[in-house]
Every structure is written in C-alpha cells, then in structure tokens.
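Undergrad: Residues in the sequence shown are numbered from 1341 upward in steps of one, following the numbering used here. Heads up, the beta-carbon is just placed ideally off N, CA and C, and yes, glycines get one too. Keep in mind that this is a model prediction, so the values were computed, not measured. A single structure is presented below for examination.
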Amino acid sequence: MNEWELQDRHTLDWVKEPLQLNGVPYHLVAWELIFTSWQIINNKKKWNELSIDFIAFDVQQTFACIELKNEIKGSAHFFQIIVRCYLALICSENNTILPR
C-alpha cells in the first residue's frame, strides 16, 4: 500500500469515526492541506507544494497535524517530517499563509 492509498483509507475511517490519540477523540478537518495557499492538494493535478497529510482537532480545539510515511529514511527525513508538522501547527494557530 502506497502513501496515497494509506491516506485514502484513513480519511474514510476518520470521517466515519474520530481518530483516537491517547484516548482523546480528534475530528478530521482537512487532509493534504497546502500551507502556502490553504488549498487541498489534488494528486492527479498538482502536488509539489508543502502540505500536511491530515489536520484534526479535539473538543478543546487542540490541533493535531499528522504526516503519514510508509518508511522513514534516516534522521534527516525524520527531521523534515517534524518540521512539516510544526509549520502546519504554526500556520493553523496564527491563521498564517507562508510566502512561496
């Protein structure tokens, strides 16, 4: 299963029932969200902009940014994933659009 298929599967699951993180339900609000424009990536057209796989929130409006990977290819790749999630959180909390 590639990452697109994994995302499709989780999207369907998390639309039906909230994602559980440490026993707290998080509701899916966006997937494949592009930071620079706040648009949704379409894998059949354009998908070369910085995006986050999923954004969810709980009843206290705490955001969770989720980046799915089938494989993490070393510490540099892991760091890129962490930075991507951190940037998504900063943008969502401040309602910010990053410059291109």
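Taking the alpha-carbon positions, what's the N1362 to A1404 distance?
TA: For the purposes of this step, residue 1362 is identified with residue 22 of the sequence shown, where counting begins at 1. For the purposes of this step, residue 1404 is identified with residue 64 of the sequence shown, where counting begins at 1. Taking the straight line from one Cα to the other gives about 12 Å.
Undergrad: Would you decide whether L1312 is buried or exposed? Buried here means 16 or more other CB atoms lie within 10 Å of its CB.
TA: As shown, the chain starts at 1341 and ends at 1440. That puts residue 1312 outside it, with no answer to give.
Undergrad: Could you tell me the distance, in whole angstroms, from the CA atom of T1402 to the CA atom of M1341?
TA: Translated into positions along the sequence shown, residue 1402 becomes position 62. Translated into positions along the sequence shown, residue 1341 becomes position 1. Approximately 30 Å between the Cα atoms of the pair.
Undergrad: By Cβ distance below 6 Å, which residues in the same chain neighbour T1351 in space, the five residues on each side in sequence not counted?
TA: Taking the sequence shown and counting its residues from 1, the one referred to as residue 1351 is at position 11. Cβ neighbours of T1351 beyond the five flanking positions: W1371.
Undergrad: I need the DSSP call for S1391, collapsed to helix, strand or coil.
TA: By 1-based counting over the sequence shown, the position of residue 1391 is 51. Three-state DSSP puts S1391 in a strand.
Undergrad: Just to confirm, is the Cβ distance from Q1347 to F1418 under 9 Å?
TA: Here residue 1347 refers to the residue found at position 7 of the sequence shown. Here residue 1418 refers to the residue found at position 78 of the sequence shown. Not in contact: Q1347 and F1418 (Cβ atoms no closer than 9 Å).
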